[in-house]
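Q: Residue numbers (this note's numbering): 390 to 770.
1. Write down every uninterrupted run of the alpha helix (DSSP H) in the region 398–440 whose length is 4 residues or greater and which is fully enclosed by it, in chain order.
2. Please return the same chain residues whose Cβ sits closer than 8 Å to the Cβ of residue 599, not counting the five positions on each side in sequence.
3. Hey, which unbroken runs of the alpha helix (DSSP H) at 4 residues or more fall wholly within the region 566–640?
4. In chain order, which continuous runs of the beta strand (DSSP E) of length 3 or greater are located wholly inside the region 457–516?
5. Could you give the C-beta distance for residue 607 and residue 514, rounded to a whole number, given that I count them as a contact under 8 Å?
6. Secondary structure at residue 539, three-state DSSP: helix, strand or coil?
7. Taking C-alpha atoms, which residue in 561, 637, 401 lies nearest to residue 616?
8. Tell me the rounded alpha-carbon separation between residue 771 and residue 481.
9. What residue from 577, 399, 602, 564 has the CA that sits closest to residue 618's CA?
10. What is the residue span of the beta strand (DSSP E) that residue 556 lies within?
11. Do you know offhand how far residue 398's Cα is from residue 529's?
12. May I ask you to report which of helix, strand or coil DSSP gives residue 757?
13. In three-state DSSP terms, what is residue 695?
14. On the three-state DSSP scale, how would you describe residue 546?
15. What is the residue span of the alpha helix (DSSP H) that residue 744 lies within?
16. Using the Cα positions of residue 437 and residue 448, report the straight-line distance between them to the nearest angstrom.
17. Using 10 angstroms around the beta-carbon of residue 703, count the other beta-carbons present and answer buried if the total reaches 16, otherwise exposed.
18. Which residue comes first and which comes last in the alpha helix (DSSP H) that contains residue 702?
19. Measure the CB-CB distance between residue 637 and residue 466 and report whether it falls below 8 Å.
20. Cα separation between residue 594 and residue 763?
21. Which one of 735, 508, 664 has the shortest CA to CA distance from residue 429?
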């Protein structure tokens, strides 16, 4: 693996950093407090190609590699993790899932608008009793011939109210277990589809998280992705790529907190010198920088595996497991370095600390990542 970024990758990283500083930083605290969706900012991200980064240009995307996506995710996450998770879901889960496994008609119909940010997508897998255990789908899709009749409830859906297109996982053949699961493209305007109230969350408050309810929703047969019974494999492979996006978000949050703490430590003085020159603070910053770099390399390795068509289940799980832990540890230390100021919203680090926690929860808890990693270890032997 070459650790040297290409000129194009460096340009993408810088473009994402410039956008985050100029467009996302202003108003980020207000959006967090008011749980305000970044509508204008997301539209601009679409115009810059950040919402369909890995989609083939033939379908309106930017045609970039996963490494470039990781670099952009880091820079966006440093400033606004809410915008980052919106970007992640649209890229890693929805666009990638449709492009990789959808029919040509599905790609032509949905990808150009999703890639340009004209519409957003959502991935609906989690349920009240089926979060980490994706095999326990209570949402059903009964085959009625020309269409499926969809009934059930989905929980914790990012972009729940802002999306126009939803990839919904449902059970079609109960007797077949996970082999009887399918995934469907559901349009927002389909009759019988309702969106529940917005969740009042600890962090990533600028993104909208909702429950979705389906009551006798008629989903055309052509909206099923893949062969009958392909849904579980689709979900697992899509989530594997999603972990790379979440790992990028996690170490991006950590990196943002570290940069703020480093700058503050070089300005704040106690006992006649900058606190950076106190060994206790310097050692904290040294640990933070080392851990963030390790998380970055794990994430880039997973992205490289994906780009080179290697199996990235294990490397993605490793990146997500480690980066999400470092996100929490780093943001907590950043608040500590700021002292009392760290507890005040205007200094940003308390928000980053709240945002960091979700990276340990979505796309599977740490225990789920360890299961994936351990399975990979068994296969190696």
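For each residue, glycine too, the CB sits at the ideal point set by N, CA and C.
These figures come from a predicted structure and were not determined experimentally.
A: Checking against the coordinates, here is how it stands:
1. If only uninterrupted alpha helix (DSSP H) runs of at least 4 residues are considered, those enclosed by the region 398–440 are 417–423, 428–436.
2. Residue numbering aside, residue 599 sits at position 210 when the chain shown is read from its first letter. 546, 549, 550, 584, 585, 586, 587, 588.
3. You should have found no qualifying run.
4. 510–513
5. By 1-based counting over the chain shown, the position of residue 607 is 218. By 1-based counting over the chain shown, the position of residue 514 is 125. Going by Cβ atoms, the distance from residue 607 to residue 514 rounds to 21 Å, so no, they are not a contact pair.
6. Within the chain shown, residue 539 is the residue found at index 150, counting from 1. In the structure shown, residue 539 sits in a strand (DSSP, three-state: E or B).
7. In the chain shown, residue 616 corresponds to position 227, counting from 1. Minimum Cα distance to residue 616 is reached at 561.
8. Summary: the structure shown does not reach residue 771, with the chain confined to residues 390 through 770, and so no result is reported for it.
9. Residue numbering aside, residue 618 sits at position 229 when the chain shown is read from its first letter. With respect to the C-alpha of residue 618, the residue from 577, 399, 602, 564 having the closest C-alpha is 564.
10. By 1-based counting over the chain shown, the position of residue 556 is 167. That run of the beta strand (DSSP E) goes 554–560.
11. If you number the chain shown from 1, residue 398 lands on position 9. If you number the chain shown from 1, residue 529 lands on position 140. If you draw a straight line from the Cα of residue 398 to the Cα of residue 529, it is about 43 Å long.
12. Here residue 757 corresponds to residue number 368 of the chain shown, with the count starting at 1. Residue 757 falls in the helix class under three-state DSSP.
13. Counting from 1 along the chain shown, the entry for residue 695 is found at position 306. Helix.
14. Numbered from its first residue, the chain shown carries residue 546 at position 157. Looking at residue 546 - three-state DSSP - the assignment turns out to be strand.
15. To locate residue 744, count along the chain shown from 1; it is residue 355. Counting along the chain, the alpha helix (DSSP H) containing residue 744 begins and ends at 738–747.
16. As a first step, residue 437 must be located in the chain shown, where it is residue number 48. As a first step, residue 448 must be located in the chain shown, where it is residue number 59. Cα to Cα, the separation comes out at about 15 Å.
17. In the chain shown, counting from the first residue as 1, residue 703 sits at position 314. Under this definition residue 703 is a buried residue.
18. Here the question's residue 702 lines up with position 313 in the chain shown. Residue 702 -> alpha helix (DSSP H) spans 702–727.
19. The count along the chain shown starts at 1 and reaches residue 637 at position 248. The count along the chain shown starts at 1 and reaches residue 466 at position 77. Cβ atoms of residue 637 and residue 466: closer than 8 Å.
20. In the chain shown, residue 594 corresponds to position 205, counting from 1. In the chain shown, residue 763 corresponds to position 374, counting from 1. Here the alpha carbons of residue 763 and residue 594 stand approximately 34 Å from one another.
21. To locate residue 429, count along the chain shown from 1; it is residue 40. Closest by alpha carbon: 508.
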